[in-house]
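Right, one structure below, let's go through it.
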Amino acid sequence: MRVEISKLHQRLQTTIIYVTHDQTEAMTLGTRIVVLKDGIIQQVDTPQNLYNTPNNIFVAGFIGSPQMNLVDAEVVGNGSSVTLKLSDTVSIALPADKSKPIIDGGYVGKTVVAGIRPEDIKDDEEFITKHSATTFEATVKVYELLGAEVNLHYDIADTTCTAKVNPRTTARPGDVVKFAMDISRLHVFDKETEQIITH
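FYI, in this note's numbering the residues of the sequence shown are 63 to 261.
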């Protein structure tokens, strides 16, 4: 059905308004998407921008499958940079460009929400070497083989998170696995307003 609608849109070369609750349909068919929550516009943008730069927690969690990992984090100041403490064992030091809006916004000492997509967390050695400043360990709770990829589910504090990894991973449930995240893809949200602080 999506292919037929897409062909119709290309053939007619006119504006089509298509209403759906299915984010996959919206992402594959839309050139501009209006994301609504309870009848209120949350963000209007291209599919790629909605995915890469969500305005708030609702858009971040709605767009993408599996959805973005969203974890409460305590902001610890380190001069001109900050560290996000996600749990007693997981802390991520942020670079200056991501730290500045957090410091300027008065978030040091407060709790924010850190968001990162599952595909930006990996367990392979090359990725871990490249992103060595963001490594952490977690126990795999669930292993999902999806053919071309594997979803590994693990907990950070009381939050279940997902890493989308290479299907050749040797990780299995019960294994303590070393992960790393691509810090350039990290999003930080205000816990109260749920609006973006920095991408």
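Think of the CB as a built atom: it goes at the ideal place given N, C-alpha and C, for glycine as much as any other residue. Keep in mind that this is a model prediction, so the values were computed, not measured.
Asked	Found
Rounded straight-line distance, which links the Cα of aspartate 166 to that of alanine 158	12 Å
Neighbour-count burial assignment, leucine 98, 16 or more Cβ in a 10 Å radius	exposed
Buried versus exposed, by CB contacts within 10 Å (16 or more), isoleucine 218	buried
Aspartate 134 and threonine 196 closer than 8 Å at C-beta	no
Three-state secondary structure (DSSP) of glycine 139	strand
3 or more residues per run - each beta strand (DSSP E) lying fully within the segment 172 to 245	173 to 178, 197 to 207, 212 to 218, 221 to 227 and 238 to 243
Beta carbon of alanine 122 nearer than 8 Å to that of glycine 177	yes
Paired residues, beta bridge with valine 97 - DSSP	Gln105
Limits of the alpha helix (DSSP H) - the one that valine 121 falls within	119 to 124
Beta carbon of valine 227 nearer than 8 Å to that of isoleucine 164	no
Rounded straight-line distance, which links the Cα of glycine 209 to that of phenylalanine 198	26 Å
Terminal residues of the beta strand (DSSP E) in which serine 153 lies	153 to 155
6 Å CB neighbourhood of histidine 261 in its chain, flanking five on each side removed	Thr115 and His249
Proximity to methionine 89 [Cα-Cα], best of Asp100, Val65, Asp182 and Thr221	Val65
Span of the alpha helix (DSSP H), counted from its first residue to its last, around histidine 71	64 to 74
Length of the line joining the Cα atoms of lysine 184 and arginine 247	13 Å
Rounded straight-line distance, which links the Cα of phenylalanine 241 to that of histidine 215	12 Å
Which of helix, strand or coil DSSP assigns to isoleucine 165	helix
Alanine 77, enclosing beta strand (DSSP E) - first and last residue	It should be pointed out that residue 77 corresponds to threonine in this sequence rather than to alanine. Neither: threonine 77 is in no beta strand (DSSP E) and is coded neither H nor E.
Residues bridged to alanine 132 (per DSSP)	Correcting the residue type first, residue 132 is leucine in the shown sequence and not alanine. Bridge partners of leucine 132: Gly177.
Closer than 7 Å: tyrosine 113 CB and nearest the ligand PLP heavy atom	The model on display carries no ligand, and the ligand PLP is accordingly not part of it.
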